[in-house]
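Inspection log for the structure reproduced underneath, given as structure tokens.
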Amino acid sequence: MPKRLLGLLLVLPALAVIAFLFILPLIMSAVGAFQVEGAFGWGNFTKTFDLYTKDIIFTVVIVSLSTVLIGIASIAIGGYLTLGEHPVAVAILRWLYRWPMFIPFIVVGQILRTFLSKNGMMNNTFINLGLLTPLDAVSFLDWRGIVIAFVWKQTPFVALLVAGAMASINRDTIEAARNLGASRLRLLLEIVVPQVAMTLTVGLILSFVTMMSVLSVPLMINAQSPTMLTADIAFRVNSYGDYGVANALGLISLALAASVAWIYLRASLKERA
């Protein structure tokens, strides 16, 4: 048997799984987004933009803001693990920062709903410390709660990638800059971060796509309007059985995720060239 045919037979089961469980449902969903009462048209998209334009903008803003904050926090964690001079603090941080990775999003939503509500643990702690009065307590169960949930959950994943990339950097460049009097902040921003920029980009893109697909957090933390597209998709299916608009919302979400992936692919090809 030719080696090329043998190789094709070996990967055929994996290709079949991808084709029937991923590509085919995606095609059917895309086709369903353009089906309106047995014909093809733009009716589902017109209805989607009439009803959910604010939610689309809300989703983009929330996920983009969370991505930026995740990047800043990941650089800070990875930078201290790489440049930190206090071994005990480095060891404690290395042990602590990974724990949110092992907590499901639905548990994150429940934890932060209990923590961020008006009568939650955060406000009660501030009240008991005398830093806040009961009348001044406010609920964070809105867009701020979603951002906090996303940043808290996804930062350890990106920080793990970034810290590993920083650990593999040639220390000679760091020591040379340090000998010339560079501060730790300047070392981090001008020496370390540029060398791990691609790893950081990959982690942030994966986090962006993950946050675009989360349903439990917006449902549990921010039930009011505007909300995220995943909650709108679930609402259209469960309340109205409107798969056309749900497919249109899904296609818009896919386009948003694909635009970020395109940025990464372009940067990757440019770096290789």
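Take the sequence shown: its letter number 29 is residue 1096 in the working numbering, and every next letter is one higher.
Idealized CB from N, CA, C, for every residue including glycine.
Predicted, not measured: the structure shown is a model, and the values here were computed from it.
CA-CA distance, Lys1185 and Pro1285?
Take the alpha-carbon of Lys1185 and the one of Pro1285: they are about 17 Å apart.
DSSP beta-bridge partners for Gln1102?
Gln1102 pairs with Phe1107.
Is the Cβ-Cβ distance between Leu1271 and Thr1134 less than 8 Å?
Yes, the Cβ-Cβ distance between Leu1271 and Thr1134 is below 8 Å.
Work out the CA separation of Ser1280 and Ser1292 for me, nearest whole Å.
Take the alpha-carbon of Ser1292 and the one of Ser1280: they are about 18 Å apart.
Classification of Asn1246 by the beta-carbon crowding that lies within 10 angstroms, buried from 16 upward:
Result: exposed.
Do three or more CB pairs link the segment 1108 to 1118 to the segment 1303 to 1315 at distances below 8 Å?
Yes: the two stretches touch, three or more of their Cβ pairs being nearer than 8 Å.
Start-end ranges of the beta strand (DSSP E) lying completely within the segment 1108 to 1168, minimum 3 residues
The segment 1108 to 1168 contains no complete beta strand (DSSP E) run of 3 or more residues.
Return the Cβ separation of Gly1212 and Leu1252 in integer angstroms, given the expectation that the two are a contact with Cβ distance under 8 Å.
Going by Cβ atoms, the distance from Gly1212 to Leu1252 rounds to 31 Å, so no, they are not a contact pair.
Which residue's Cα is closest to the Cα of Lys1220: Ser1206, Leu1202, Leu1273, Ser1235?
Comparing Cα positions, the closest option is Leu1273.
How do the segment 1233 to 1248 and the segment 1137 to 1156 stand: do at least 3 beta-carbon pairs fall below 8 Å, yes or no?
Judged by Cβ distances under 8 Å, the segment 1233 to 1248 makes contact with the segment 1137 to 1156, as three or more pairs qualify.
Kindly provide the ranges of any beta strand (DSSP E) runs that are 3 or more residues long and lie completely inside the segment 1196 to 1237, ordered along the chain.
Annotation note: the segment 1196 to 1237 contains no uninterrupted beta strand (DSSP E) run of length 3 or greater.
Contacts around Met1295, its chain only, beta-carbon distance under 6 Å, and the 5 residues preceding and following it disregarded
The answer, listed in chain order, is Thr1126, Pro1285.
Compare the beta carbon distance of Ala1324 and Val1276 with 8 Å and say whether it is the shorter of the two.
Closer than 8 Å, so yes.
Residue range of the alpha helix (DSSP H) that includes Arg1071
For Arg1071, the enclosing alpha helix (DSSP H) covers residues 1070 to 1085.
Are Leu1179 and Ile1215 touching if we call contact CB-CB under 8 Å?
Yes. Within cutoff.
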